[in-house]
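I have placed the structure first, in the form of C-alpha cells, so that the comments after it can refer back to it.
Numbering (the numbering used here), first residue to last: 913 to 1709.
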C-alpha cells in the first residue's frame, strides 16, 4: 500500500511489515509501534536507495524511535536537526544499518538513551558526535565510520567494535559509570580538522575511560593515535602516551598499536590481519560489504576464530597490483568475418588464483565477442562489418570487492577481403644512402617486412613504424643502380614480393648542407642560384623572430642571401649584386633589433660591411670598407647591447678584433700572439655582454679566449681545450648552458665540442648528423631551444 509520507506508514505498521522508502526528501518521522522477535518491522530505502529523512533544523530529530522495539532501519540518509539526527529513546532490539548521518549542523548524529537496550548500529557513517547515555544497555556500535567522537556516558555493557574514527576531541570516551564496556578492533586517527573542516585546537586522548567506568571495561586490538599531540590514552584519570606504557600499568591494550593505520591501511600496515574476530559485534563483512580476506603479504597476528580480520571499518582488500601479465590479442588488421582467439593471464602481489577476466569491444555493433569462462582469460572475437574496433580486457580478483584493473587493449581495422600486395617507396639520402618504407596492402596486418638491396649484403628487416608499415635505411659501398626486392608476410602467413630499381645520389663538392632539426641536402641549383657553379663559403644567423638567414659565396665569388622563415618556408636565394667584386669569405650576425649585419672579405683582402634592416631594406650607404687589403677571413657576432664584434685573420696569420658601436667603429686591434700563426677564427656574443673567441693555428690547434663586458680579457689568456688538435676551420655558437664548437679536421671530417658555463669542456666527438664525404666550411648559430642551426659546404667524396 503506498503512503505519501513515512509517518503515515509508521502510524499503521504491524509486526513483519516492510516500509520501502523511495528516493526523495521526507519530513521528520517518529516510530512508536513495535515488531516482535520473529517479525520485526523494517524501514528501508527502496532497492537500497538512500532517501533523505528530516533535514529540519527546527525538529528535535529527523528520525525518532520512541519506545519502539524490534525495529530495523536500513539505507537512509538524515539531514540537520535541533538535537540529534537519529534519536533512540527507550525500546529494545533495534538495528540501524547503512545509514548516513552527514549534516554538519546537528549537535549529534545519533543519540541512544532512555534505557534503550540491545541496539545495534552497523555499517553506517556519522559526521557529528554519537552519544550513548541515559542507562542504555547492550548497545553494539560496530563497523562504522565517524568524523566525530563516540561518547558512552552512563550506559552499560556497550561494545564499540571495528570502527574507524577520524575526529577532534577524545575519539572514544567512556564516562559516568559506563561499566562493562568493550572497546576492540577500532582505528582511532588524529584527523586534524573537525567535521566542519576547522582545525582541531584542543588536545585530546584517543581513548578515554574514567575511573567510574573502568570496572569490567576492556580495551584491546585498537590502533590509537592521539589528538593534537596529547597522550594516546586516559584510563582512570591517568594519561598514557604510548601503548607500551598503557599496557604495562593497566594490562589493557596488550595488542594495541600506536597510530599505525591512519584512515586507510596500506600494504604491510599493522592493522592488517591483526584484529580479534571474536570481539563483540564483529562482522564477517566490512563497512563496504566486502568479505574478510587474508592478506598473504602480512603474517596474521589476530585472534579468535579467524586470525586475519583487519582493525577498523574497512578490510584491506587485494590492491590487485599486477606483477606479470600476458595478452595475445588482435592483429592490427583482419578480414571481415574472421574469428580471432584472445588470451589473457596475470598474477598479482597476493598471488591470487581466483582472478577473473572481462573483455569489452568498442563499438559493440558489428562485433561478436564470446567469452565462455571469465576465469580462463580466453575469448574469441569476430567482426561482421568493416570499421575500426578496440578490444579491452580487465582483470578482477574475488578479494578486491569492486576493484577492477585495466590489463591490456588492442585495436583492429576490419576490412573487406583483398589480396596481399607488396609495395614500398625508396628515397634517396646523402651520398649512397637509401631509405625504404613499406606501403603494402592486405586484409591482414603485415607482420614481417624485409628488403634485399641487391648488393649482396643479405636481407635486412624493417623497423616497426606504424600499422601495416615498416622502414629502414641502407648505405651502398659504391654508387650505382641496384635492384631492391621487398618481401612481406601477413598475420595469416601469406607472402608477397616487390622489386624496383634504385640509383644512388652523391652530394658533389661545393654543395650547401643545412640542418634545422633534421638534415636537408641541397645541391647546386637549390640553395645557390641556377647560374652558380657551387658554393665555397657560407654563414648562418638565427634572428629574434625565429627565422634563419643564410649567406653563401659561390665558387665564382658571388655573394647570395636567403631566409628560412619560422613557418618553414624559404625566401629563395637572392644575389647581393656587387659588380666587379670577387668575394672569398663571409660572416653574418642576427642583431637584437631584427636587423642582420653582414661582413665579407674580397679577393683583394678588403673587409666590407653592410646592414639588412628588419623591414628587408639595406643601409643606404651600401657596403662600407673596414680596411685591408691584408685580410683572408672574418667572423661577426651580435652583442646584447646592440653592438657587433668582429674577428679577422690577416694574410700573415695575425688575429685582429673590432667593434661596431651604434654609430662608430672601435677600429682594428691586434690580438697579439707572438710566434703564433692563425688560419681561422670565430666569435660569439654571450648574454652577460662578454664574447668568446676560438681560433685555429697553423699547427691545427684550436685555442679559446674570453673578452669580458668591461673590455678586459681572461687572465689565463688563450687556452687549448682538451683534444683540440688536427683541426682546420671552426665556428662557435651560444647555448643556454655554454657554447658549442663545430670544426672540420685536416682530413675534412666534422667534430663537435661544448664548453659549459662553469668553464668545463666536454670531449671532441664526431658530429651527430651524417654528412657524405668531407667538409670544407662549417657554420653554426644558436636556436632558442638550445639546439643549433648548422650550415656546411661539402668538399667532395
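Just so you know, even glycine gets a beta-carbon here, dropped at the ideal spot from N, CA and C.
Check, Outcome
"Give me the Cα-Cα distance between residue 1696 and residue 1457, rounded to the nearest whole angstrom.", "10 angstroms"
"Please state whether the Cβ-Cβ distance between residue 946 and residue 980 is less than 8 angstroms.", "yes"
"Hey, would you say residue 998 sits closer than 8 angstroms to residue 1011, going by beta carbons?", "yes"
"Pairs of beta-carbons, one from the region 1652 to 1666 and one from the region 1618 to 1632, closer than 8 angstroms: are there three or more?", "no"
"How is the alpha helix (DSSP H) around residue 921 delimited, first residue to last?", "918 to 922"
"By Cβ distance below 6 angstroms, which residues in the same chain neighbour residue 1691 in space, the five residues on each side in sequence not counted?", "1450, 1451, 1452, 1643, 1703"
"Could you please give me the residues that DSSP links to residue 1669 through a beta bridge?", "Residue 1669 pairs with nothing; no bridge assigned."
"Flag this pair as touching only if the region 1333 to 1347 and the region 1285 to 1298 have three or more C-beta atom pairs under 8 angstroms; answer yes or no.", "no"
"With respect to the beta strand (DSSP E) encompassing residue 1658, which residues constitute its N-terminal and C-terminal limits?", "No beta strand (DSSP E) contains residue 1658, which DSSP labels as neither H nor E."
"Run the CB neighbour count on residue 1347, radius 10 Å, all protein chains shown included, and call it buried at 16 or more, exposed below.", "exposed"
"If you measure between the beta carbons of residue 1068 and residue 1032, is that distance less than 8 angstroms?", "no"
"Tell me where the alpha helix (DSSP H) around residue 1156 begins and ends.", "1155 to 1162"
"Where does residue 1581 land, buried or exposed, given buried means 16+ other C-beta within 10 angstroms?", "exposed"
"If I follow the unbroken beta strand (DSSP E) through residue 1597, where does it start and stop?", "1590 to 1597"
"Helix, strand or coil for residue 1529, going by three-state DSSP, please let me know.", "coil"
"Return the chain-ordered ranges of every alpha helix (DSSP H) run that is complete within the region 1347 to 1378 and spans a minimum of 4 residues.", "none"
"In three-state DSSP terms, what is residue 1288?", "coil"
"Count the other CB atoms within 10 Å of the CB of residue 1551; is the residue buried (16 or more) or exposed (fewer)?", "buried"
"Within 8 angstroms of any Cβ in chain B, is that where the Cβ of residue 1507 sits?", "No chain B appears in this structure, which consists of one protein chain only."
"Nearest-angstrom Cα distance between residue 1514 and residue 1520?", "8 angstroms"
"Over the uninterrupted beta strand (DSSP E) stretch that includes residue 1613, give me the two end residues.", "Segment: none, residue 1613 is in no beta strand (DSSP E) and carries neither H nor E."
"Mind reading off the beta-carbon distance from residue 1324 to residue 1254? Whole number of angstroms is fine, and I expect it under 8 angstroms.", "Actually they do not touch by this definition, with Cβ atoms about 11 angstroms apart."
"State yes or no: is the C-beta of residue 1043 within less than 8 angstroms of the C-beta of residue 1020?", "yes"
"When we look at the beta-carbon of residue 1532 and count the other beta-carbons within 10 Å, is it buried (16 or more) or exposed?", "exposed"
"Smallest Cα separation from residue 1025: which of 1037, 935, 1063, 1059?", "1063"
"Which class does residue 1199 belong to by DSSP, given the choice of helix, strand or coil?", "coil"
"Check whether the Cβ atoms of residue 1609 and residue 1588 sit closer than 8 angstroms, and answer yes or no.", "yes"
"In this structure, does DSSP put residue 1695 in helix, strand or coil?", "coil"
"Roughly how many angstroms separate the alpha carbons of residue 1536 and residue 1555, rounded to a whole number?", "17 angstroms"
"Could you check what DSSP says for residue 1703 in three-state terms: helix, strand or coil?", "strand"
"When the Cα of residue 1047 is compared with those of 1218, 1023, 1058, which residue comes out closest?", "1023"
"What number of angstroms, rounded off, separates the C-alpha of residue 1671 from the C-alpha of residue 1650?", "8 angstroms"
"Near residue 1639, which residues of its chain fall below 8 angstroms by C-beta distance, leaving aside the five closest residues on each side in sequence?", "1608, 1612, 1613, 1614, 1655, 1656, 1657, 1658, 1663"
"Measure from the alpha carbon of residue 1284 to the alpha carbon of each residue in 1278, 1294, 1270, then state which is nearest.", "1270"
"Express the C-alpha separation of residue 1498 and residue 1470 in angstroms, rounding to a whole number.", "11 angstroms"
"In angstroms with no decimal places, state the Cα-to-Cα distance between residue 1511 and residue 1245.", "59 angstroms"
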